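Residues in the sequence shown are numbered consecutively from 11, following the working numbering. First up is the structure itself, then whatever we jot down about it.
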Amino acid sequence: MTSLADVAREAGVAVSTASRVLNGSTHPISAATRARVIEAATRLGYSPSALARALVSRTSRLVGVLVSDIVNPYFSVIARGADDVASRAGYVTMLSNVDRRTTTEINRLRTMRDYRAAGVIFAGSGHVDDPQADDLTKAVREAREQGIHSVSLTARDLGCHVITADSQGAAYEITEYLISLGHRRIAFVEGPPGMIANRERRDGFLACMSDADLTAEAQCLPGGFDYEAGHAAAMRLIARPPLPHAVLAANDEAAVGALSALRQAGIDVPGEVSVAGIDDLRVARFVGLTTVSLPLYEMGAMAARHIIDNPACAGGDDTTTTVLSHRLIPRETTAPRPA
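Quick look at the structure:
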């Protein structure tokens with residue numbers, strides 16, 4: 011493998027001179043010397059490593075994507091959007107699982123600083139009243155001072171740009187749709203406790219039920235963002251009749267779990283109970299789940315574009331928020347309530 015020293019020796023120059031030429035330094039070097047170094051590098055097939063270029067330029071073409079749960083398809087869609095944009099611009103994405111831990115987010119951000127990443131996308135939801143929020147905000151500020159741009163895909167107070175969907179509005183709209191079908195007793199399967207995304211979706215559900223004078227008919231069940239949590243929540247409903255008219259889960263994965271439990275128990279969906287979710291993941295389309303389509307791909311794509319087009323060192327603090335629109339998708343798991 012050809013080294014920089016090989017190129018310098020072939021061109022008859024010092025290693026430092028060859029490095030300056032090949033890394034685009036503005037240090038004064040004669041045109042003849044530059045041509046000789048480039049010719050030697052081409053002849054020997056030399057290509058400087060990305061890390062070496064990063065050390066010289068103080069930045070790299072790396073975009074970090076921090077996700078709460080790497081197996082959750084919600085984050086797969088976001089990551090694909092970010093990677094598509096990054097790849098077309100000559101950047102590389104690095105996907106990292108943080109397990110919903112702020113400490114891990116801080117550590118991963120520091121790793122991105124070590125690699126001189128162009129930016130970091132915080133794709134996961136933060137915690138309500140997070141005791142480590144200030145530490146993470148400080149880490150984001152320190153990263154920005156090093157030229158590393160951050161974007162959050164949830165409304166978190168990190169001192170960086172936010173690109174997100176209106177999760178509360180999405181939950182409100184799908185609850186309103188269930189009410190319009192004649193459903194009154196509606197159960198909401200919550201996401202993980204203490205997460206901002208869960209609070210937003212639960213608040214949207216409860217606000218709609220309150221506006222419809224149905225607060226007494228609203229039921230919130232402990233759950234999570236996975237299939238097993240939705241299945242367990244539905245099993246608890248089945249064990250304690252009467253059944254609700256409809257079940258709304260905080261995301262599609264949990265909704266499919268609830269749908270499976272109801273059908274396994276011989277309950278007609280949507281004849282007896284309607285079921286709906288939020289996100290519009292591929293699994294929702296496979297089972298005909300009524301849901302709200304959130305612009306997950308667009309969020310990832312816009313976050314990557316924002317990092318590539320707006321280096322942190324050029325614009326200073328950017329705490330603006332961009333909210334993308336959502337769309338109700340009625341499918342086969344919901345139907346009007348029988349008279």
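Using N, Cα and C, we set each Cβ at its ideal position, and we do this for glycine too. Keep in mind that this is a model prediction, so the values were computed, not measured.
Own chain residues within Cβ distance below 6 Å of residue i, not counting five before or after
| i | result |
| --- | --- |
| Ala259 | Val199, Gly240, Ala265, Ala268, Gly287 |
| Glu227 | Arg194, Arg195 |
| Gly214 | Gln178, Ala181, Tyr182 |
| Tyr160 | Reading off the sequence, residue 160 comes out as Ser, not Tyr. Excluding sequence neighbours, Ser160 sits near Val130, Val150, Cys170. |
| Asp328 | His171 |
| Met205 | Ser135 |
Residue from the options with nearest C-alpha to residue i
| i | options | result |
| --- | --- | --- |
| Ala99 | Pro83, Ser86, Val73 | Val73 |
| Pro83 | Ala349, Leu291, Val25 | Leu291 |
| Ala180 | His336, Phe132, Asp278, Ser135 | His336 |
| Val95 | Thr52, Glu308, Ile80, Ser106 | Glu308 |
| Ile39 | Val23, Thr52, Glu49, Arg53 | Val23 |
| Ala133 | Gln156, Ile80, Asp140, Asp144 | Ile80 |
| Asp139 | Arg209, Val102, Ser106 | Arg209 |
| Ile184 | Pro232, Ser303, Asp16 | Ser303 |
| Phe296 | Phe215, Ala222, Asp262 | Asp262 |
| Leu188 | Ala21, Ala15, Arg123, Arg347 | Arg347 |
| Phe235 | Arg211, Leu253, Ala222, Ser220 | Arg211 |
| Ile131 | Met219, Arg53, Cys170 | Cys170 |
| Thr174 | Asp328, Ala313, Arg151 | Ala313 |
| Asp319 | Ser26, Met104, Gly129 | Gly129 |
| Gly192 | Val172, Leu168, Met219, Met205 | Met219 |
Cβ shell of residue i (< 8 Å), same chain only, five flanking positions each side left out
| i | result |
| --- | --- |
| Arg44 | Val31 |
| Val108 | Leu76, Val77, Ser78, Thr114, Glu115, Arg118, Gly134 |
| Pro251 | none |
| Val293 | Pro83, Asp262, Glu263, Val266, Leu299 |
| Arg123 | Glu152, Ala153, Gln156, Ile158 |
| Pro305 | Ala175, Leu334, Ser335, His336 |
Paired residues, beta bridge with residue i - DSSP
| i | result |
| --- | --- |
| His137 | Met205 |
| Leu105 | Val75 |
| Gln229 | Ala197 |
| Ser303 | Asp289, Arg337 |
| Leu258 | Phe198, Ala286 |
| Phe132 | Leu76, Ser162 |
| His171 | Val161 |
| Thr331 | Val172 |
Inter-residue Cα distance where the pair is residue i and residue j
| i | j | result |
| --- | --- | --- |
| Arg110 | Thr121 | 17 Å |
| Pro203 | Gly55 | 55 Å |
| Ala244 | Gly91 | 33 Å |
| His137 | Glu186 | 27 Å |
| Phe85 | Arg166 | 17 Å |
| Leu247 | Asp278 | 14 Å |
| Ala153 | Glu115 | 13 Å |
| His298 | Ala271 | First, the amino acid is wrong: residue 298 is Gly here, not His. Going by the C-alpha atoms only, they are around 16 Å apart. |
| Asp176 | Ala207 | 10 Å |
| Ala217 | Leu224 | 10 Å |
| Ile158 | Val257 | 43 Å |
| Ile369 | Ser97 | Look at the range of the chain in this structure, 11 to 349, and you will see that residue 369 is not part of it. |
| Asp16 | Asp144 | 49 Å |
| Val47 | Ala18 | 7 Å |
| Ile317 | Pro232 | 37 Å |
| Gly201 | Gln156 | 36 Å |
| Ser190 | Gly276 | 26 Å |
| Ala249 | Ala242 | 11 Å |
| Leu168 | Ser26 | 40 Å |
| Thr103 | Asp93 | 6 Å |
Residue burial classification, residue i (beta-carbon count within 10 angstroms, cutoff 16)
| i | result |
| --- | --- |
| His255 | buried |
| Cys230 | exposed |
| Val333 | exposed |
| Gln274 | exposed |
| Leu61 | Low confidence applies here, because Leu61 scores a pLDDT of 47, under 50, leaving its location unreliable and the question unanswered by this model. |
| Ser162 | buried |
| Thr330 | exposed |
| Ala50 | buried |
| Ser284 | buried |
| Thr164 | buried |
| Gly281 | exposed |
| Ser106 | buried |
| Ala42 | exposed |
| Thr52 | exposed |
| Ala311 | buried |
| Ala197 | buried |
7 Å Cβ shell around residue i - same chain, five flanking residues per side excluded
| i | result |
| --- | --- |
| His37 | Arg30 |
| Thr113 | Gln142 |
| Thr300 | Ala286, Ile339, Pro340, Arg341, Thr343, Thr344 |
| Glu238 | Gly267 |
| Ala28 | Leu14, Val17, Ala18, Ala21, Val47 |
| Ala324 | Low per-residue confidence applies at Ala324: pLDDT is 44, beneath 50, and the placement is therefore not dependable, though the value from the model is reported in the following sentence. Counting only Cβ-Cβ distances below 7 Å, and skipping sequence neighbours, we find nothing. |
| Arg315 | Val95 |
| Ala222 | Ile189 |
Check: residue i C-beta below 8 Å from any heavy atom of the ligand HEM
| i | result |
| --- | --- |
| Val161 | In the structure shown, the ligand HEM is absent, as is every other ligand, since no ligand is present at all. |
Chain B contact for residue i (CB, 9 Å cutoff)
| i | result |
| --- | --- |
| Arg166 | Of the chains in the structure shown, none is chain B; there is only one protein chain. |
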